[in-house]
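Undergrad: Quick note on numbering: this note's numbering labels position 282 of the first sequence as 290, and the sequence is numbered without any gaps.
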Amino acid sequence: MPPDQLTDTPATVPERPTLDGLEQKWSEAWERDGCYRFDRSAPRERVFSIDTPPPTVSGSLHVGHVFSYTHTDAVARYQRMRGKAVFYPMGWDDNGLPTERRVQNHFGVRCDPSVPYDASFEPPAEPSEKEPVSISRPNFVELCLRLTETDERAFEDLWRGLGLSVDWSMTYTTIGAGAQRISQRSFLGLLERGEAYQLEAPTLWDVDFQTAVAQAELEDRERPGAMNRVRFRLADGDGDGADGDSALIETTRPELIPACVALLAHPDDERQRGLVGKQVLTPLFGTRVPVLTHPLVDPEKGTGLVMVCTFGDLTDVVWWRELGLPVRSVLGADGRLAEVPWGAAGWESVDLERARRDYEELQGRTVNQARKRILELLEQANDIVGEPTPVTRAVKFFEKGERPVEIVTSRQWFLRTMSHREKLLQRGRELSWHPPYMRARYEDWVNGLTGDWCVSRQRFFGVPFPLWYRLDASGAVLYDEPIAAREEQLPVDPSTDVPDGYSTEQRGVPGGFVGDPDVMDTWATSSLTPQIAGGSAGSAGTGSTAGEDQELFAKVFPMDVRPQAHDIIRTWLFSTILRSQLDHDALPWKNAAISGWVLDPDRKKMSKSKGNVVTPMHLLEEYGADAVRYWAASGRPGTDTAFDAQQMKVGRRLAVKLLNASKFALADLSPEGESLTSPLDRAMIARLAAVVADATVSFDGYDYARALERVEVFFWWYCDYYLELVKGRRYDAGESQDARLGAASVSRALRRSLSVFQRLLAPFLPFVTEEVWSWWQQGSVHRASWPDAAELLSALGGVEVDSAASEDEALAIAADVLKEVRKAKSEARRPMRAPVARVVVHDSATRLAALALGVEDLRLAGSIEAVETTEADEFAVEVELAEEPAEG
RNA sequence: GGGCGCGUAGCUCAGUGGGAGAGCGCUCGCUUCACACGCGAGAGGUCGCAGGUUCGAAACCCGCCGCGCCCACCA
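(1) In terms of residue numbering, what span does the beta strand (DSSP E) encompassing residue 523 cover?
(2) Would residue 834 be called buried (16 or more neighbouring beta carbons within 10 Å of its own) or exposed?
(3) Closest to residue 706 by C-alpha separation, out of 443, 165, 91, would be which residue?
(4) What are the start and end residues of each continuous alpha helix (DSSP H) run of 4 or more residues lying completely inside the segment 692–760, in chain order?
(5) Determine the extent of the beta strand (DSSP E) in which residue 417 is found, giving its start and end residues.
(6) How would you label residue 303, buried or exposed, when you count the other beta carbons within 10 angstroms and need 16 or more for buried?
(7) For residue 99, list the residues DSSP reports as bridge partners.
(8) Within 8 Å, do at least three Cβ pairs link the segment 654–662 to the segment 635–642?
(9) Is DSSP giving residue 377 helix, strand or coil here?
(10) If we require 3 or more residues per run, which beta strand (DSSP E) segments fall completely within the segment 812–847?
(11) Just verifying my parser: in three-state terms, what is the DSSP assignment at residue 73?
(12) Taking DSSP as the reference, what is the three-state secondary structure of residue 208?
(13) According to DSSP, is residue 251 helix, strand or coil?
(14) What first and last residue would you give for the beta strand (DSSP E) that runs through residue 657?
(15) Kindly list the residues whose CB is nearer than 7 Å to the CB of residue 633, restricted to its own chain and excluding five residues on each side of it in sequence; keep chain order.
(16) Quick one: Cα of residue 612 to Cα of residue 76, how far?
(17) Assuming contact is defined by CB atoms lying nearer than 7 Å, are residue 721 and residue 797 in contact in what I supplied?
(18) Considering Cα atoms alone, identify which of 616, 320, 290, 434 is closest to residue 360.
(19) Taking only the alpha-carbon atoms, compute the straight-line gap between residue 382 and residue 104 and give it to the nearest angstrom.
(20) Mind checking residue 86: buried by the 16 CB within 10 Å criterion, or exposed?
(21) Pick helix, strand or coil for residue 86, following the three-state DSSP scheme.
(22) For residue 730, tell me which candidate among 20, 715, 686, 746 has the shortest Cα-Cα distance.
(23) What is the DSSP secondary structure of residue 57, counted as helix, strand or coil?
(24) Output the distance between the C-alpha atoms of residue 740 and residue 723, rounded to the nearest integer angstrom.
(25) What is the residue span of the alpha helix (DSSP H) that residue 601 lies within?
(26) Are the CB atoms of residue 690 and residue 702 nearer to each other than 7 Å?
(27) Can you check which of these residues, 195, 805, 614, 378, is closest to residue 424 by C-alpha distance?
(28) Please work out which residues of its chain come closer than 7 Å, Cβ to Cβ, to residue 884, disregarding the five sequence neighbours upstream and downstream, and give them in chain order.
(29) Assign residue 553 to buried or exposed, taking buried as 16 or more other Cβ atoms, counted over all protein chains shown, within 10 Å of its Cβ.
(30) By Cβ distance below 6 Å, which residues in the same chain neighbour residue 509 in space, the five residues on each side in sequence not counted?
(31) Rounded to whole angstroms, how far is the Cβ of residue 890 from the Cβ of residue 843, which I believe are closer than 8 Å?
(32) Is residue 256 helix, strand or coil by DSSP?
(33) Apart from the five residues just before and just after residue 558, which ones in its own chain have a Cβ nearer than 8 Å to its Cβ?
(34) Considering Cα atoms alone, identify which of 344, 262, 567, 229 is closest to residue 386.
(35) For the alpha helix (DSSP H) containing residue 631, name the first residue and the last one.
(36) What residue range is occupied by the uninterrupted beta strand (DSSP E) comprising residue 490?
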């Protein structure tokens, strides 16, 4: 709609405009009118599609959610006003460990897959954390679904309160039937193409959750430890009996000595040359291990000799693999030292009895307990050299875990990533990053990958692998020949569904079958959000069987933008690019818009454990949604922002200002004129056009914060200077032909500029802009067209460059003089309306000539009797206030 | 150890080669005909430090210091 048609509707402006109640009033109206409904009939080039971050619904509501989702919404609203059909669904990430943990605590249950399903199960009325009820996997999943439904409502309430312009008819969940089907289908495709494979291998393992975890889910935490110097003696016949007949290593993990398979030195380390190639005996256990070399060993560290165990850390895995070392594994899946077969192959000892006796002391203990005990044993055996040195070291934890991850050998599913690294780096360069420097994090991550992606988890609430395995005559599982589900069957749960050609009775019996017991990593499903949202939106919930929608998918994929925060570049962003590459040989989106974090006022990351998390609901109530959005939108892309309620007050002020400025501009004081005749009006419109151009460029580059800042600064200037300068001319109408024209011009300029401001602010302050728009316009401001700078300028008619420049100068000098007049009144402690007898303006000839264009406006605005001018090099103003009226 | 970002007023931050700025906070004033949820004015800065390029540097280059984040083969 061109602005010229926007002024036809008579304004109905409230006597006392207010922000109260706008959220409810307008969110109901938007829902009723389907204001944000995606237009499926739009051609692809008119579609703007957003790959929404599905929030983890089991996490607590956090002001950080408000922050980044507001950024996305501002962009969505801008694109909609640019005429795009905006595809803006909302997803809920409900599968995975956080939900499991919450369900366990909330209902007082534990999942036990061996328990049969009980259709009539109800959780205990008074949940007991100490003695949880064991329930079947299907029952457990039902409870997960029940709880996430409540969580999802809380999130939806928040999003609606915040005014997100989401199409609520298109929601999805990551545990829903659609997501499961897409996830399973993708997996089967990868399996067929050899991109997914199964392997029994050392795997990162969380001992509390007892599941494999991925490299991407690790984080470092500083933990105190102690460095111990331990003696390994040379094996019989390898020494000459002299004092040097031992090898010293340093370790923080002495409990892994029974799992030691070699000692290593750097190939160039002269000090160790005499030992290399010999055999040493592990202390206490008397196991023969070789002394070898490897270039990764750092001769500067410790004694220059390092103990390789299966497995203490990821480097051990590298050494074990590259040097072809045997496995001697002591750590069980539960994080305790397991029983080991002393004397069997690989567990030989020069003193078996002693090895058994000493290991007896460790077996069954946790890592920490075993560490303490083995140090005592080593001390007794005189195999510790010197005192332990306290050290602080970074230890790898599963990000949701409570104890360090261990490396445990187990059978897992992997997706190939290492072989695609070059392609993934190339995709990263094809993607437009906002801000651009965020690409470095992606490249760092891809370059630092150490292995393929382990996607299987030994958990319950997730997408199962759509696979079964045959059992041989002895009941052993034949892992090498999985039976895949047919595509039409998906989604399947192999723990209850039965593969073709088998019957239920054959489950778990020799010659029969078993289902794959694992579920997929939550990122294995979240990495498919473009496909899930674009293919099955609207089929939320597990009950739905709605199919994928190829027509829709073709319209929205690849998506235009992935908005997300920088902390999950290595997980969500990376894995989505990987899956899109593997399944579609394409980038999943054209742009990545990266948000920062919300920090607490002390600039610390907000986290539950620190207790500094701010929840958002009360902020919306206290300051209003527009005010909270204003604060959020002030946070620049990629930049962390300290939480600051003060900024919300500023946002509220802006919203109130817009109410009042709109009321003023729409007051029907004089009939509208046909054209903008007054120089100051024309100059203001020209400046506004420049602001529109700036905001448009900023938004096109996803810099909503810059757009807001430019608009806001100009809007306040407009209220403080322009409105004050033209106010008098507007009220003074009717005296002469000139006055009538002048009043008509200002009336015209006010409406034109107001329409632009309301639209410029609409992406940020959707509620108040909709309110003021409704006073005089048809339809929603959020479906109005984004203002156009060229169109605004064309309304000025054909303007010569020189005359435009002098008009702008007129506005500038009028505002400068007005400021000086105000200053004089303020210093004299007189009201702003106090009359001024005479003003003398000193300035250059050019500026003084320009002043003549706006001098009448200036006189009225400052209540000035006479304005005189004197040519001068420097700008200066003399102000003579009129005599103060006598009291009484 | 490597990478990225940041360092400007008490606080939060804008400022891509030519006047050091905004908001908040603080002080003072003004019941003003859109707005007291308001308006006007004022005080307040060695632009982290040091060097270089330039007629001219808060900005560009080099080095250093500090803070934050990401990554690392953390013994």
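Just so you know, even glycine gets a beta-carbon here, dropped at the ideal spot from N, CA and C.
Note that this is a predicted model, so its numbers are computed, not measured.
TA: In short, the structure shows the following:
(1) 521–523
(2) exposed
(3) 443
(4) 712–725, 731–739
(5) 414–423
(6) exposed
(7) 180
(8) yes
(9) helix
(10) none
(11) helix
(12) strand
(13) In this prediction, residue 251 scores a pLDDT of 49, lower than 50, which makes its location untrustworthy; no coordinate-derived value is stated.
(14) Premise fails: residue 657 lies in the alpha helix (DSSP H), 653–674, not in any beta strand (DSSP E).
(15) 31, 169, 170, 171, 775
(16) 17 Å
(17) no
(18) 290
(19) 37 Å
(20) buried
(21) helix
(22) 686
(23) strand
(24) 24 Å
(25) Per DSSP, residue 601 belongs to no alpha helix (DSSP H); it is in the beta strand (DSSP E), 597–603.
(26) no
(27) 195
(28) 850
(29) Confidence is the limiting factor: at residue 553 the pLDDT is only 40, short of 50, which leaves the residue's position unreliable, though a coordinate-based value still follows. Flag for residue 553 reads exposed.
(30) none
(31) 4 Å
(32) strand
(33) 543
(34) 262
(35) 625–631
(36) 485–492
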